[in-house]
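Okay, so here's the structure we're looking at.
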């Protein structure tokens with residue numbers, strides 16, 4: 001068994017990172033590069049857990065520099081990107097759904113030398129934009145669905161698309177837009193895995209909003225969630241009303257969407273803007289944040305997790321015994337704390353995410369193209385499991 | 001008769017006894033004196049014996065010793081001494097012997113004369129004694145004759161003496177009988193005249209005899225008569241007692257008489273207390289009336305005076321009378337009195353507390369303390385009389401409670417004063433500046449706030465100090481000597497206030513209006529400086545002042561100065577950090593807006609520095625001035641020779657080139673990896689929102705860092721045309737020209753601006769940098 005490895009892989013300037021969501025066996029991340037001068041690429045990073053090595057495959061993404069990437073939850077081969085298209089004196093941010101070549105879906109294990117010589121191209125499935133809407137900020141898939149529903153955020157519009165005919169056609173199912181003065185722009189959005197996937201939360205400026213995808217109406221609104229711009233948010237995978245957000249005020253805040261006047265908890269560990277916040281998919285006390293202070297911080301938010309007293313053994317006992325036990329448990333309070341601060345990056349970290357296959361593994365990506373793969377410290381892992 | 005006989009000799013015997021007293025004592029005294037003499041000589045003997053410890057008395061070579069042995073001495077001399085010394089000692093010895101001889105002769109001559117005169121004296125004495133013996137014999141025979149005569153006279157008088165004694169006895173008895181027969185009429189007369197005391201005394205005297213001889217019919221009749229009269233008497237006494245109005249001393253007299261008449265004591269107790277209660281309750285009612293629903297009650301001093309003289313005085317009288325009258329009642333009676341006092345006392349206390357509660361809001365401590373002093377002092381008398389009722393403890397408790405409340409009140413007052421100061425500062429800061437006149441400067445405002453708070457603290461200390469003044473009766477209670485000083489004044493008032501001040505100040509950092517900036521930054525700066533001043537001097541000054549005034553004893557753990565200072569310092573640091581954040585945010589927002597709202601792709605060739613950059617420099621200068629008013633300059637790193645002359649080229653540093661070089665070739669990852677690792681060795685990570693130090697340079701560095709990092713992040717989100725990039729170049733050079741002077745390490749500004757330009761170049765599809773000379777020209781133009 002390897003130690004809590006640090007694996008570093010460097011590519012070009014990049015901002016976009018996602019795990020291959022539909023893959024549950026292999027540890028695989030997709031990284032999109034961002035370059036104005038060269039052809040942009042999507043690197044498929046395969047992490048071989050047993051040998052502790054990285055395999056990569058490169059796909060050309062000639063449409064433009066990639067600002068955001070997300071993988072379909074149902075089909076390993078399908079992914080969506082937001083990219084910049086520069087024409088003359090205009091920059092347009094578009095979004096599209098792509099399919100990667102079949103043989104790369106499950107990661108080919110060719111030697112890196114060969115793969116580079118024949119960089120393959122993505123197959124365009126459909127565009128997620130039309131003339132009316134441009135400047136896509138991000139694209140989110142319906143998390144539990146069959147990969148047919150996707151939401152894109154464009155300027156002040158939230159667009160729900162239906163992908164039809166094996167994703168080759170995108171039909172705008174419904175949309176909503178932010179009213180109000182000024183130039184309102186969505187910066188980020190997440191699809192809640194709870195409530196039968198009918199809720200989406202978005203961020204614009206300092207405000208967080210919840211939407212019902214059935215009626216495309218606003219459910220809740222957290223005004224001034226952060227002192228400055230909100231950069232990202234994420235839903236607690238196990239507690240349906242809990243939501244984490246981060247922003248330019250260097251803070252990470254945790255919200256209960258039933259009571260939006262005050263955050264449940266606030267973390268202030270970073271020394272610059274926090275660009276990304278991610279809950280661990282299975283153990284929601286583990287929260288990962290990436291910031292432009294070049295640090296990645298892994299926090300243990302036990303007190304507001306779904307297992308505030310640690311892992312309960314079983315529920316077969318009679319209730320009063322159980323009460324007794326929970327009392328015992330509460331006697332040893334688990335403290336929220338920072339587990340580790342990762343300083344392998346030299347530039348701003350714009351993306352962090354957990355692996356979809358291994359809950360103890362995560363990747364972070366900084367602007368200079370450095371991708372770092374880390375494991376949760378083993379001591380903590382055993383503490384959570386046992 | 002027996003009573004008369006017993007009364008007769010007793011007064012006579014006393015003078016006879018008295019001369020025996022000194023004689024009996026005399027030998028004892030003498031013995032004592034002997035003893036003391038003995039003790040003295042014993043001691044001196046002991047001392048004398050103890051003294052010659054140096055030369056051993058048993059030493060046979062000691063010439064003057066008792067155990068002197070000439071042979072040994074000679075031997076020793078011969079053996080030990082040289083010839084010269086032997087000769088010396090011989091002459092010496094001969095001289096001594098001669099001296100001794102002559103001394104002896106003189107002594108013999110002197111003593112011879114004394115012997116002769118002593119012999120003469122003894123011979124004269126022998127003659128005188130012979131004469132005295134003859135006279136003594138004659139005296140003895142005369143005495144024998146006198147004794148004989150005396151015996152004969154007493155034998156003849158014996159008979160008559162006995163008869164006289166018997167007659168005297170009969171006379172006394174008859175007088176007594178006469179008294180008894182006259183008793184009923186006398187009693188009636190006494191009752192009629194109101195001389196109850198006299199009547200009771202008669203009754204008392206006759207009672208026992210009548211009781212003893214009640215089997216005789218005549219005596220029986222007298223006794224019956226007496227009983228009837230006595231019953232009437234008792235009834236009248238009771239009547240008088242019940243009517244009450246005549247005041248406590250007379251009542252006490254009534255009770256005393258009734259008791260003497262053998263009325264049941266318990267019943268009397270009850271009745272006595274019931275009467276006392278009536279009177280005391282009246283006092284309480286009048287006190288309550290003074291409390292009244294209408295405020296124009298007399299001041300608190302007057303109130304406690306009334307209470308003290310009326311109620312407490314009454315209670316004292318009652319207690320004293322009761323204890324005197326019913327002392328025989330034992331613990332049960334005392335308990336009854338205690339319960340009585342407790343009950344009424346608690347009602348009195350309730351009234352006093354109500355009155356004191358009305359006083360809580362007032363600012364004047366001296367009156368209150370004096371009132372409390374009176375109150376407490378008054379209750380000491382009944383407290384001593386009735387220890388069981390716990391009155392003085394309860395009074396002390398009330399005083400303590402009031403003292404505590406006063407402390408709380410003063411703490412509130414101090415807090416309010418602090419908030420008032422803050423409001424004043426806000427107003428002063430918000431007041432529109434009159435042209436040409438700067439208004440009160442920050443330093444002046446700070447001094448005002450500091451002195452005003454300090455004077456408030458001093459005033460509060462002086463006010464609560466009254467509680468511990470020596471002349472105040474309760475100041476020597478353990479609470480006021482210990483807990484009041486240490487926990488109450490020092491911890492509760494002073495430490496509590498400083499803590500709350502820090503908290504209030506810190507709350508400005510957490511204010512929800514982070515974005516709106518509800519708190520003016522200047523106020524943050526001022527508070528930060530205030531807290532820092534507290535840390536360096538004021539806290540220790542105030543605490544020393546407190547400790548001196550209140551002589552805090554060490555039995556309670558108190559917050560050490562260092563802890564408090566650390567808290568104040570932390571507050572100052574947080575405030576200053578927050579100030580940096582707020583000001584940094586203001587500039588950041590300007591920069592962000594300027595980057596976000598511009599169309600960088602289709603911008604024209606730069607001819608000027610953008611206005612927003614000038615604004616940034618202006619604002620930074622203003623902040624510099626503002627901070628300079630309150631904080632010292634701070635330390636800068638040594639400056640490079642020609643910092644302002646540095647011009648940006650797009651790839652000015654090799655570092656940037658290596659960093660952002662595309663690395664698509666398969667071997668590239670290795671190289672860049674290596675490269676970046678090498679860079680790591682040379683560049684330090686910049687903490688953007690890092691804690692600041694307490695000086696101007698550090699504050700400005702923080703603000704500039706935040707602003708430039710924002711600029712960097714915003715630039716990275718845009719795409720630039722060729723001219724857009726050139727504009728960024730110009731702007732950055734301009735910033736470089738003006739910002740370096742504010743920061744601790746100008747290299748930092750270089751680094752960040754380098755990175756901004758490099759990032760802009762990276763975000764430009766057609767990066768053609770502007771000639772450095774042109775950039776300089778544009779910047780110099782303004």
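Protein chains in written order, with UniProt numbering: chain A, 1 to 386; chain B, 1 to 782. Even glycine gets a Cβ: it sits at the ideal position worked out from N, Cα and C. In this text the structure is predicted, and so the values were computed from the model without any measurement.
- Annotation: the stretch 314 to 401 of chain B contains no complete segment of the beta strand (DSSP E) (minimum length 3 residues).
- Residue-level contact check: residue 274 (chain A) does not touch chain B, since none of the beta carbons of chain B fall below 8 angstroms from its beta carbon.
- The beta-carbon distance between residue 708 (chain B) and residue 756 (chain B), rounded to whole angstroms, is 7 angstroms. This is short enough to meet the 8 angstroms contact definition.
- The continuous alpha helix (DSSP H) containing residue 124 (chain B) extends over residues 83 to 193.
- Rounded to the nearest angstrom, the Cβ distance from residue 727 (chain B) to residue 603 (chain B) is 6 angstroms, consistent with a contact under 8 angstroms.
- Rounded to the nearest whole angstrom, the CA to CA distance from residue 722 (chain B) to residue 252 (chain A) is 38 angstroms.
- In this structure, the CA atom of residue 225 (chain A) is about 6 angstroms from the CA atom of residue 206 (chain A).
- Within chain B, the C-beta atoms nearer than 7 angstroms to that of residue 89 (chain A) come from 601, 602 and 721, in chain order.
- For a Cβ distance threshold of 8 angstroms, nothing in chain A lies close to residue 696 (chain B): the least Cβ distance comes to about 21 angstroms.
- When DSSP states are grouped into helix, strand and coil, residue 58 (chain B) belongs to the coil group.
- According to DSSP, residue pairing for residue 154 (chain A) in a beta bridge involves A:136 and A:157.
- Residue 96 (chain A) sits in a strand when the DSSP states are folded into three classes.
- The beta-carbon of residue 36 (chain A) is placed less than 8 angstroms from the nearest beta-carbon of chain B.
- Taking a beta-carbon distance threshold of 8 angstroms, residue 765 (chain B) counts as an interface residue toward chain A.
- Three or more pairs of CB atoms, one per stretch, sit closer than 8 angstroms, so the stretch 324 to 339 of chain B contacts the stretch 254 to 274 of chain B.
- Burial state of residue 46 (chain A) is buried, judged by a 10 Å Cβ sphere holding 16 or more other Cβ atoms.
- Within the stretch 745 to 765 of chain B, the residues whose Cβ lies closer than 8 angstroms to some Cβ of chain A are 762, 763, 764 and 765, listed in chain order.
- The DSSP assignment places complete alpha helix (DSSP H) segments of no fewer than 4 residues inside the stretch 485 to 541 of chain B at 496 to 507 and 521 to 533, in order along the chain.
- Apart from the 5 residues on each side of it in sequence, residue 469 (chain B) sits with its Cβ closer than 7 angstroms to the Cβ of 475 in its chain, given in chain order.
- Bounds of the alpha helix (DSSP H) holding residue 574 (chain B) are 561 to 596.
- Membership of residue 304 (chain A) in any alpha helix (DSSP H) is not indicated, and neither H nor E is assigned to it by DSSP.
- Cβ proximity to chain B below 8 angstroms picks out 12 and 13 from the stretch 12 to 33 of chain A.
- Proximity to residue 499 (chain B) across B:414, B:529, B:486 and B:119 peaks at B:414, based on C-alpha coordinates.
- For residue 702 (chain B), the CB contacts under 6 angstroms within the same chain, skipping 5 residues up- and downstream, are 580 and 692 in chain order.
- In this structure, B:202 is the residue among B:340, B:71 and B:202 with its C-alpha nearest to the C-alpha of residue 183 (chain B).
- Taking CB atoms only, residue 573 (chain B) has no neighbour in chain A less than 8 angstroms away.
- Note on residue 108 (chain B): under 16 other CB atoms within 10 angstroms of its CB, so exposed under the neighbour-count rule.
- By the neighbour-count criterion, in which 16 or more other beta carbons inside 10 Å mark a residue as buried, residue 773 (chain B) falls on the exposed side.
- At a cut-off of 8 angstroms between beta carbons, residue 713 (chain B) contacts chain A.
- Buried is the label assigned to residue 767 (chain B), since at least 16 other Cβ atoms lie within 10 Å of its Cβ.
- At a cut-off of 8 angstroms between C-beta atoms, residue 367 (chain A) counts as an interface residue with respect to chain B.
- Against chain A, the beta carbon of residue 709 (chain B) has neighbours under 8 angstroms at 272 and 292, listed in chain order.
- In the DSSP assignment, residue 19 (chain A) falls within the beta strand (DSSP E) that extends over 14 to 19.
- Runs of the alpha helix (DSSP H) spanning 4 or more residues and lying entirely within the stretch 688 to 722 of chain B occur at 696 to 716, in chain order.
- Taking the CA atoms as reference points, residue 169 (chain A) sits about 31 angstroms from residue 13 (chain A).
- Partner residues in a beta bridge of residue 468 (chain B), as assigned by DSSP, do not exist.
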